[in-house]
Amino acid sequence: MRNLKQRIAIKYYKTKLNTIALVSPRLAAEKALDLFCTPFGKRNKLHAPPVFHHAEKLSFELKDSIIINGWRWKSDRSDAKKILIAHGFNSNSYKFEKYVLHLQTEGFEVLAFDAPAHGMSEGKRVNALLYRDMILEIEKKYGQLFGIMAHSLGGLSAALAAEKIKTLEKLVLIAPATETYRAVDNFFTLIQLNHSFKKEFEEVLMEFAGYPISYFSVSRAITNITANTLWLHDTEDFTCSFEDVLPVQKMNLPSLQFYITNGLGHSRIYKENKVIKAIVSFFALV
C-alpha cells in the first residue's frame, strides 16, 4: 500500500511540475525546491522507546517560530562531556536509542533533538542550513558540545555546524549526504522531472540559501573542521553514494579516519552493533 501511494504521489508531482515548467521554469523550480525540503513520512504513530521516558524533555524556539523538541540524559559525573545525536532526513531521534544507552554507560551527557518537520518537532520543511542553525542553537542554549554524531542529512548539517564550532573535539558522520548536487540529481530522477529546469532549481536554491549548491558539501566543509572526525559509510549506500566518499579519502586529512562497511546500505549501517561499538569507542577514547 505504501509503495502504491508513493507511486501515485510521484506520478502526481511529475505531471504537475513538468507541466508548470512548460510555462514557467522558474515557478516549477520554486515548487520543486519546496518539495525537495519536505519530509514524506508520517509523524503521528511514533512510540517512545523506554530510555526516552527517563530523559529530561527540552524545547526551544528556532527561527520562524518553529518549536524544536528534544531530550537530555544527564550524567552522574560533574565533568561529563556533552554529545549531540542528529538524525537523518525522514527519521527521528527515537531510532538512536541504543546510542543513548551506550553513551550513558561511558559517562557522557547525551542530547538528542528532532529536526524541524521531523519527529516531535514542529515545522513543515527542513534544509541543511535550518538544521545547522538548530545545532548551533543547541550548543548556545545547553552548553559546549564535546562531540556530535549525525546521520545522512544530519551529517551534512553537522559538518556545516562543525565549521563554526571550533571547540568541538569529535565528530562522527554516518553515511552523510556528502554532495547536495548528487541529492538534487537523485531527486530529479526519482520524481522524473525534466532536467531542462534544473539550472533554475539551483538558482532558486542559491537565492533562498545565500550560497551556491557547491557550498552544501561535506567534502568542502571537512577541510575547515578542526574536530577529530570518524566517517562511516557503506559501499552499497545508494542514497548517499559511496562514490562521493572516494575523493575525500584521497585528501588524506590527518584528523579524519574512515570506517567502511559492505552490504549495510544507508540505514542499516547505524543500527549494526559493530558500528555502534566503533562509534562509542571513538568518543570514549581520550
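Under the UniProt record's numbering, think of the first position of the sequence shown as 1, with each following residue one higher.
In this text, a Cβ means the ideal position worked out from N, Cα and C, and glycines have one as well.
Being a predicted model, the structure only gives us computed values, none of them experimental.
Reduced DSSP category for residue i - H, G, I as helix; E, B as strand; rest coil
i	result
Phe-258	strand
Val-126	coil
Lys-82	strand
Ala-48	coil
Met-134	helix
Ile-225	coil
Leu-17	helix
Phe-60	strand
Ser-219	helix
Phe-113	strand
Tyr-270	helix
Ala-55	coil
Met-1	For Met-1, the predicted structure reports a pLDDT of 49, less than 50, and the residue's modelled location is therefore unreliable. The matter cannot be settled from this model.
Where the beta strand (DSSP E) through residue i begins and ends
i	result
Gly-70	66-73
residue 335	Examination of residue 335 is not possible in this model, given that the chain is present from 1 through 286 alone.
Residue interval of the alpha helix (DSSP H) (run including residue i)
i	result
Lys-274	273-284
Asp-234	Asp-234 -> not in any alpha helix (DSSP H); beta strand (DSSP E) instead, spanning 228-234.
Ala-159	153-162
Glu-106	Segment: none, Glu-106 is in no alpha helix (DSSP H) and carries neither H nor E.
Pro-247	246-249
Close Cβ partners of residue i (< 6 Å) along its chain, the five nearest in sequence each way excluded
i	result
Met-206	Pro-212
Thr-226	Lys-166
Pro-116	Ile-66, Gly-123, Val-126 and Leu-130
Phe-282	Leu-230
Tyr-12	none
Val-172	Met-149, Leu-230 and Ile-279
Glu-30	Val-204
Ala-209	Leu-129
Cβ shell of residue i (< 8 Å), same chain only, five flanking positions each side left out
i	result
Tyr-94	Leu-46, His-47, Ala-48, Pro-49, Phe-52 and Gly-119
Met-1	Its pLDDT being 49, under 50, Met-1 is placed unreliably by the model, and nothing is read from it.
Ile-10	Leu-190, Ile-191 and Gln-192
Same chain only: Cβ atoms within 7 Å of residue i, ignoring 5 sequence neighbours per side
i	result
Tyr-270	His-151 and Ile-174
Gln-249	Phe-258
Lys-164	Leu-136
Proximity test, Cβ basis, 7 Å: residue i and chain C
i	result
Ser-219	The question asks about chain C, but that chain is absent: this structure has only one protein chain.
Cβ contact check for the stretch 258-265 and the stretch 188-200: 3 or more pairs under 8 Å: Short answer: they don't touch.
Kindly confirm or deny that the stretch 7-26 and the stretch 66-80 touch, where touching means at least three C-beta pairs closer than 8 Å. With the cut-off at 8 Å, the stretch 7-26 and the stretch 66-80 do not touch.
If you scan the stretch 158-213 from start to end, which runs of the beta strand (DSSP E) of 3 or more residues do you find wholly inside it? Complete beta strand (DSSP E) runs here, min 3: 170-174.
Cβ contact (3+ pairs, closer than 8 Å) linking the stretch 153-160 and the stretch 119-131: Yes: the two stretches touch, three or more of their Cβ pairs being nearer than 8 Å.
Any chance the stretch 216-223 sits against the stretch 176-183, with 3 or more Cβ pairs inside 8 Å? The stretch 216-223 makes contact with the stretch 176-183; the number of CB pairs closer than 8 Å reaches 3 or more.
Would you call the stretch 54-64 in contact with the stretch 135-142, where contact means no fewer than 3 C-beta pairs closer than 8 Å? Here the stretch 54-64 lies against the stretch 135-142, with 3 or more beta-carbon pairs under 8 Å apart.
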